[in-house]
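Anchor point for the sequence shown: position 170 equals 285 in the numbering used here, and the numbering is continuous, going up by one each time.
Note sheet for the following structure.
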Amino acid sequence: MALILKTDIERGNSWHRAFARLLPDVPLRDWRAPGDPEEIEFALVWAPEAGALRKFPNLKTIFSIGAGIDHLASDPDLPEGVPIVRMVEPGLTAGMVEFVVMSALYHHRFMLDYAVQQREKVWHEIEQIPTFRRRVGILGLGVLGAACAEKLRGFDFQVSGWSRRPKDHAGIESFHGADGLMPFLARSDILVCLLPLTTETEGILNAETFAALPRGAALISAGRGKHVVEPDLLAALDSGQLGGATLDVFRDEPLPPDSPFWAHPRIVVVPHIASMTIAETAAEAVAANIRRVQAGQAPEHVVDLKRGY
Ligand code: NAP
Ligand code: GLV
């Protein structure tokens, strides 16, 4: 019995240290030197090559290093019947909460305008709006979206969320399903995308959805790049329908040097760092799930591949 790990070398060392402490009886194998494939029962991976997981005939559980599992769902040759577990761990959640709160406050306090003013040496005060007058809408009210919603409520923003099924979070207005999308957008001065990438959500940030937002709304895109129809985003920014955007994820990563996003005055670009899985805290979640499987129980946070998340 062994656990195989596919990550970069630098982060691999942190995982090795954590698993040596938490799972001393489970040998940890490196993706480049897997040893006997029959011994591999657990795989903890990010973006394995298509078909690669099939090489392990006794695989019991596949763990995604990230919350998103689109890097696995896109493999047409996954081993059948092996559960896929998405990453749910406190370090990843805390990082996303920090990023979303920071970015929402950035747009709320007109920092994009002040950055332009600084470059132009302009001293001009923009009237401050209290948080209780600002409406933040979160697309995807799952583990990450709900944690961000709760923290934003703490700042007194008016917070709502959109999900497939209705939610009951204190102080957070819940919208759901196709019928709930337009009314949700109409009350989102700051729109945060924390959806998984699925066939239903690809391209959801497009000309029609941007037009449904209040004029001058801001976008924080931290789900996946393929949620955004990039030419529509540029058109909405250039027309003033969108006032600004913070983009963490892109259709092509790394963002190509010739992308117009880099130099756009109303766009903040960051390199897919909204949140990262922290080996130290995530290894605890993976180890607990491995112990469940070893005890004959089903792992937690298994994704539904038909649904796509
Ligand atoms: P999650 O707990 O599975 O939550 C997903 C949410 O999206 C749920 O509320 C779900 O609704 C909703 N949803 C899915 N499909 C929908 C649809 N068609 N219509 C309406 N709502 C829909 O996932 P999570 O852990 O919060 O992670 C969310 C995503 O964040 C990941 O998939 C990943 O792409 C992204 N992410 C990005 C970074 C980064 O650094 N940029 C880091 C981590 C994660 P229900 O609750 O009704 O099922
Ligand atoms: C990162 O993008 C993740 O899905 O965790």
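Every residue, glycine too, gets a C-beta built ideally from N, C-alpha and C.
Report yes if the C-beta of Val364 is less than 6 Å from at least one heavy atom of ligand 1; otherwise report no.
Val364 Cβ: within cutoff of ligand 1.
Can you tell me whether Leu306 is helix, strand or coil according to DSSP?
Here Leu306 sits in strand by DSSP.
Please name the residue or residues paired with Val274 in a DSSP beta bridge.
According to DSSP, which records beta bridges pairwise, Val274 is partnered with Val251 and Ile287.
Got a sec, what are the start and stop residues for the beta strand (DSSP E) Arg144 sits in?
That run of the beta strand (DSSP E) goes Leu143 to Asp145.
Measure the alpha-carbon distance for Pro152 versus Phe171 and round it to whole angstroms.
Answer to the nearest angstrom: the Cα atoms are 5 Å apart.
Just mark Ala293 as buried or exposed, buried being the case when its beta carbon has 16 or more other beta carbons within 10 Å.
Under this definition Ala293 is an exposed residue.
Got a sec: does ligand 1 put a non-hydrogen atom nearer than 6 Å to the Cβ of Leu370?
Not so, every heavy atom of ligand 1 lies at least 6 Å from the Cβ.
Does any heavy atom of ligand 1 sit closer than 6 Å to the C-beta of Glu265?
No, since every heavy atom of ligand 1 falls outside the 6 Å radius drawn around the Cβ of Glu265.
Could you pull the start and end residues of the alpha helix (DSSP H) that Ile405 belongs to?
From DSSP, the alpha helix (DSSP H) with Ile405 extends over Ala394 to Gln409.
Between the beta-carbon of Ile184 and the beta-carbon of Val418, is there less than 7 Å?
Against a cut-off of 7 Å, the Cβ pair of Val418 and Ile184 comes out as a contact.
Do you know offhand how far Lys341's Cα is from Pro380's?
Using only the alpha carbons, I get a separation of about 22 Å.
Using a C-beta cutoff of 7 Å, does Gln273 count as contacting chain D?
The structure shown contains no chain D, having only a single protein chain.
If you measure from each residue's Cβ to the nearest non-hydrogen atom of ligand 2, which ones come out under 5 Å, in chain order?
Going along the chain, the residues that qualify are Gly181, Ala182 and Gly183.
If we ignore side chains and look at the alpha-carbon of each, how far apart do Gly359 and Leu312 end up?
If I take the Cα positions, the gap works out to 23 Å.
Per DSSP, Phe178 forms a beta bridge with which residues?
Answer is Leu159 and Val200.
Going along the chain, which residues of its own chain have a beta-carbon closer than 6 Å to the beta-carbon of Lys266, five neighbours each way excluded?
Once the five neighbours on either side are set aside, the close Cβ partners of Lys266 are Val212 and Val216.
For the structure I just gave you, are there three or more beta carbon pairs, one from the segment 249 to 259 and one from the segment 192 to 211, closer than 8 Å?
With the cut-off at 8 Å, the segment 249 to 259 and the segment 192 to 211 touch.
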